[in-house]
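J.: Before anything else, here's the structure in question.
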Amino acid sequence: MDSGVKISKTGTRMMPYLAILRHDLGTLWKSRLVRLWLGGTALLTLLLATGNWGRFQDAPLIASLQFPYLVFPWFFVVAVLGVSPVSGSHADSLADGILSRPVSRWEYLLATWSARVVVVLSVYLVVMAPAILVITLANRPVAADSVSVYGIISVLFVVGLVQTFLVSLGFLFGTLLRRSLLAIVVLVFLWYPISFILSIFSLEQFSPVSLSRAVSTQLRQSWRQSEEEAEAAANMQDMEQFSQQMSDFFSRLSGGQPKPRTEKGDFFETKEFADFSLWRVSLGYGLPTAAAVFLAMLSFYWRDL
Amino acid sequence: MEPAIRTEHLTKIYGQRLIAVNDMNLDVPKGYVFGLLGPNGAGKTTTLRLLLGLQRPTAGRVEVFGMLCGPNAVGVRSQIGFLPTNPKFPANQRPIEYLDLVGKLSRLPLQVRKPRISALLRSVGLLGATEQRIGTFSTGMCTRLGIAASLVADPPLLLWDEPTAGLDPSARRFTLDLIRELGKTKTVVVATHILSDIDQICDHIGVMHEGRMIFTGSMSDMKRRLRHDDFSLELEGNNDEIQRLFRELDGVDGLSIRFGRENELLVRVAEGRSRSGMLAEVLKLIDCSQVSLQAVNSGHNATENAYLQLLQEDEAHGFGR
Chain E
1 MDSGVKISKT
11 GTRMMPYLAI
21 LRHDLGTLWK
31 SRLVRLWLGG
41 TALLTLLLAT
51 GNWGRFQDAP
61 LIASLQFPYL
71 VFPWFFVVAV
81 LGVSPVSGSH
91 ADSLADGILS
101 RPVSRWEYLL
111 ATWSARVVVV
121 LSVYLVVMAP
131 AILVITLANR
141 PVAADSVSVY
151 GIISVLFVVG
161 LVQTFLVSLG
171 FLFGTLLRRS
181 LLAIVVLVFL
191 WYPISFILSI
201 FSLEQFSPVS
211 LSRAVSTQLR
221 QSWRQSEEEA
231 EAAANMQDME
241 QFSQQMSDFF
251 SRLSGGQPKP
261 RTEKGDFFET
271 KEFADFSLWR
281 VSLGYGLPTA
291 AAVFLAMLSF
301 YWRDL
Chain V
1 MEPAIRTEHL
11 TKIYGQRLIA
21 VNDMNLDVPK
31 GYVFGLLGPN
41 GAGKTTTLRL
51 LLGLQRPTAG
61 RVEVFGMLCG
71 PNAVGVRSQI
81 GFLPTNPKFP
91 ANQRPIEYLD
101 LVGKLSRLPL
111 QVRKPRISAL
121 LRSVGLLGAT
131 EQRIGTFSTG
141 MCTRLGIAAS
151 LVADPPLLLW
161 DEPTAGLDPS
171 ARRFTLDLIR
181 ELGKTKTVVV
191 ATHILSDIDQ
201 ICDHIGVMHE
211 GRMIFTGSMS
221 DMKRRLRHDD
231 FSLELEGNND
241 EIQRLFRELD
251 GVDGLSIRFG
261 RENELLVRVA
271 EGRSRSGMLA
281 EVLKLIDCSQ
291 VSLQAVNSGH
301 NATENAYLQL
311 LQEDEAHGFG
321 R
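Protein chains in written order, with this note's numbering: chain E, 1 to 305; chain V, 1 to 321.
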């Protein structure tokens with residue numbers, strides 16, 4: 001009896017959060033942006049997978065599919081989704097429609113942030129999970145690869161975490177700058193030179209480009225494999241294939257032929273891409289994500305609507 | 001008795017540039033229909049937003065039923081039903097879905113929410129539009145839906161901002177009747193610049209001008225301040241006859257007469273004299289004259305005149321304000 005009352009109280013307390021979450025999920029799902037993104041990402045994944053079907057082993061092929069999510073072009077879509085809920089004309093209607101009701105601002109922000117994260121991760125997983133399944137199970141005309149379940153899950157986790165961070169960053173800038181367009185422009189100018197900025201502070205392993213280079217290695221990690229073993233598992237073939245993927249990717253986007261390969265850069269030679277720690281990356285993206293959400297809430301709390 | 005709304009030295013300044021609300025002290029007792037009156041830009045909407053915690057005061061404090069207002073003052077907002085001017089709704093939702101969302105935001109359990117939504121849709125006359133998406137609604141239907149949304153949680157205080165803006169006469173009549181009805185059980189604050197609305201529904205008013213509350217009191221207090229004409233007579237006849245009638249009326253003890261617009265006489269009854277008795281006297285004289293009476297307007301513009309007079313006085317006070 002008592003526990004029933006407790007559940008009911010919790011349910012009542014959570015009711016506004018769940019209502020906004022559900023409402024936002026419905027609105028986002030019906031939005032053109034999300035539908036176009038879903039179609040676009042499915043098409044691009046199909047093109048990349050079929051284009052490299054007979055050329056790459058499992059790990060490099062799966063890694064090539066992560067690149068659009070980590071670097072380009074889906075960063076832009078994810079950022080726009082993050083920016084929209086608390087900026088521009090949306091702010092007025094949300095003030096009148098939702099925040100004039102018995103809802104605290106943090107409840108509203110947390111619910112809209114959760115809705116965006118759920119949508120972004122759903123689109124990613126809906127496309128990626130079947131693609132990875134097909135790649136790993138299909139009998140392809142390439143040498144067998146040692147992709148592990150742990151490796152796949154950890155890569156999905158890392159890419160998901162990066163996207164969650166991007167949503168949160170968009171959320172923060174949307175709250176701080178109020179104008180959607182301005183927030184997006186600032187995000188683009190901040191995100192694209194991020195590898196360069198991180199390298200200044202010797203944090204290159206956290207850059208999206210470094211992460212996408214490390215994906216092949218991570219996919220071959222087993223549950224018990226140590227970081228040292230992971231480093232040893234890296235091979236030059238992955239690096240070359242990865243470079244080729246990037247080149248092919250941009251050539252395909254521009255509609256041209258793949259460029260002839262140039263010699264590797266210094267980053268490849270140092271094997272730094274293999275210096276990948278799931279724990280450090282989780283902290284490296286998890287903490288800024290939490291900080292971005294917290295700062296967005298703080299900024300929104302002080303803001304007039 | 002604790003007032004429904006209390007503000008103390010409430011001040012709101014936007015970006016160190018615009019003073020929207022200026023040192024406002026206001027008490028709205030429970031159970032009143034309170035009209036917040038003022039020209040556009042007087043600070044009415046800002047005051048409502050400060051009450052809701054959507055904006056933070058630059059100085060001073062706002063209390064609703066003794067609770068301090070602020071961005072996370074959920075307890076305060078659970079006591080308030082807010083209707084914004086020209087409310088905006090999710091265009092692709094249907095009325096029941098929207099009201100259900102509002103009910104959930106107010107933490108109403110399903111057993112309470114659903115019957116109340118049905119009853120409200122019936123009350124505001126939207127029962128026949130439950131299949132329609134809100135995006136297809138007219139302004140009047142949107143206002144009705146906004147009214148229903150403000151009543152979902154059955155709050156004891158209603159803050160309605162320009163509830164009759166953009167409504168056709170029948171929708172306007174419906175809204176005013178509803179306010180009058182709700183005023184029997186709830187405290188209602190209606191912010192508007194439409195004087196006739198205030199005249200019909202409010203028992204107390206506050207007049208705002210340039211962010212300041214320049215008058216608070218009962219409607220009768222406000223009208224008493226007016227140097228008003230008790231009634232006006234619209235006449236038809238030739239000028240000589242009207243002039244003669246003017247002289248006759250002017251000779252009646254307790255009446256003072258002056259010309260208004262063309263063929264209009266403004267009649268003022270002296271303090272302590274029977275208004276009906278004096279009117280009977282006037283009508284008798286008209287009947288005996290060669291002038292025909294087109295219309296008698298009694299106290300028609302009293303509120304408007306009192307309001308304009310208040311604004312003029314406030315402007316004229318200069319540093320004394």
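Glycine is no exception: its CB is placed at the ideal position from the N, C-alpha and C atoms.
Express the C-alpha separation of Thr47(V) and Asp314(V) in angstroms, rounding to a whole number.
T.: 19 Å
J.: What residues match up with Met314(E) in a beta bridge as DSSP calls it?
T.: Given that chain E is displayed from residue 1 to residue 305, the structure contains no residue 314(E) and the question cannot be resolved.
J.: Are there 16 or more other CB atoms within 10 angstroms of the CB of Asn86(V), so buried, or fewer, so exposed?
T.: exposed
J.: With the cut-off set at 9 Å, would you say Gly170(E) and Ala79(E) are in Cβ contact?
T.: yes
J.: Identify whether His209(V) lies in helix, strand or coil by the three-state DSSP scheme.
T.: strand
J.: Three-state secondary structure (DSSP) at Leu178(V)?
T.: helix
J.: Trp29(E) and Gln163(E): beta carbons closer than 9 Å?
T.: no
J.: On a Cα-Cα basis, can you pick out the residue from Leu245(V), Met222(V), Arg49(V), Val269(V) that is closest to Phe231(V)?
T.: Val269(V)
J.: Identify, in the order they occur along the chain, each residue of the same chain with its Cβ nearer than 7 Å to the Cβ of Ala73(V), setting aside the five sequence neighbours on each side.
T.: Same-chain partners within the cutoff: Gly53, Met67.
J.: Say whether the segment 94-113 of chain E touches the segment 182-200 of chain E, bearing in mind that this needs 3 or more beta-carbon pairs closer than 8 Å, one atom from each stretch.
T.: no
J.: Would Leu99(V) pass as a contact of Pro163(V) if the rule is Cβ separation under 9 Å?
T.: no
J.: 9 Å is my cut-off, CB to CB: does Val332(V) come that close to chain E?
T.: This structure gives no information on residue 332(V), because the portion of chain V shown stretches from 1 to 321.
J.: Among the candidates Asn263(V), Met278(V), Gly237(V), Gln132(V), whose CA atom is the shortest distance from the CA of Ser292(V)?
T.: Among Asn263(V), Met278(V), Gly237(V), Gln132(V), the Cα nearest to that of Ser292(V) is on Gly237(V).
J.: Leaving out the 5 sequence neighbours to the left and right, which residues in its chain are closer than 7 Å to Arg35(E) when beta-carbon positions are compared?
T.: none
J.: For Gln111(V), collect the residues of the same chain with a Cβ closer than 8 Å to its Cβ; drop the 5 residues on either side in sequence, then sort them by chain order.
T.: No residues qualify anywhere along the chain.
J.: Beta carbons nearer than 8 Å to chain E: which residues of the segment 86-102 of chain V have them?
T.: Pro87, Lys88, Phe89, Pro90, Asn92, Leu101, Val102
J.: Taking 9 Å as the CB-CB cut-off, is Gln55(V) touching chain E?
T.: yes
J.: From what residue to what residue does the beta strand (DSSP E) around Lys12(V) run?
T.: 5-14
J.: List, in order along the chain, the chain E residues whose C-beta lies closer than 8 Å to that of Lys104(V)?
T.: By Cβ distance, chain E contributes Met15, Pro16, Leu18, Ala19.
J.: Unbroken alpha helix (DSSP H) runs of length 4 or more, entirely within the segment 108-171 of chain V: which are they?
T.: 110-123, 139-151
J.: Does Gly97(E) come within less than 9 Å of chain V when only Cβ atoms are used?
T.: At a cut-off of 9 Å, the C-beta of Gly97(E) has a neighbouring C-beta in chain V.
J.: For Pro109(V) and chain E, any beta-carbon pair shorter than 9 Å?
T.: yes
J.: For Thr12(E) and chain V, any beta-carbon pair shorter than 9 Å?
T.: yes
J.: Kindly list the residues whose CB is nearer than 7 Å to the CB of Ala115(E), restricted to its own chain and excluding five residues on each side of it in sequence; keep chain order.
T.: Leu21, Asp24, Leu25, Leu28
J.: Name the residue from Trp106(E), Ala111(E), Tyr108(E), Ile152(E) whose alpha carbon lies nearest to the alpha carbon of Leu125(E).
T.: Ile152(E)
J.: What does the Cβ neighbour count give for Asn71(V), buried or exposed, with the cut at 16 atoms within 10 Å?
T.: Before going further, note that residue 71(V) is Pro rather than Asn in the sequence given. Pro71(V) is buried by the Cβ-count criterion.
J.: Are the CB atoms of Val120(E) and Val158(E) nearer to each other than 9 Å?
T.: no
J.: Mind pulling the chain V residues with CB within less than 9 Å of Asp24(E)?
T.: Chain V residues near Asp24(E): none, gap ~10 Å exceeds 9 Å.
J.: For chain V, check one thing: does any of its Cβ atoms lie closer than 9 Å to the Cβ of Arg313(E)?
T.: Since the first and last residues shown for chain E are 1 and 305, residue 313(E) lies out of range.
J.: Taking DSSP as the reference, what is the three-state secondary structure of Gln55(V)?
T.: coil
J.: Could you work out which residue in Arg258(V), Thr187(V), Phe174(V), Leu157(V) is closest to Gly75(V) when comparing CA atoms only?
T.: Leu157(V)
J.: Please list the terminal residues of the continuous alpha helix (DSSP H) segment that includes Leu44(E).
T.: Its alpha helix (DSSP H) spans residues 32-51.
J.: Which same chain residues end up closer than 6 Å to Gly265(E) when comparing Cβ atoms and leaving out the 5 residues on each side of it in sequence?
T.: Here Gly265(E) scores only 45 on pLDDT, less than 50, and its place in the model is too uncertain to base an answer on.
J.: Give every residue of the same chain whose Cβ lies closer than 7 Å to the Cβ of Glu8(V), excluding the five residues on either side of it in the sequence, and list them in chain order.
T.: Correct list, in chain order: Asn25, Gly60, Arg61.
J.: Just checking my contact of Lys44(V) with Gly38(V) at CB under 8 Å: how many whole Å lie between their CB atoms?
T.: 5 Å
J.: For the putative contact between Leu265(V) and Leu233(V), defined by C-beta atoms under 8 Å, what is the C-beta separation to the nearest angstrom?
T.: 5 Å
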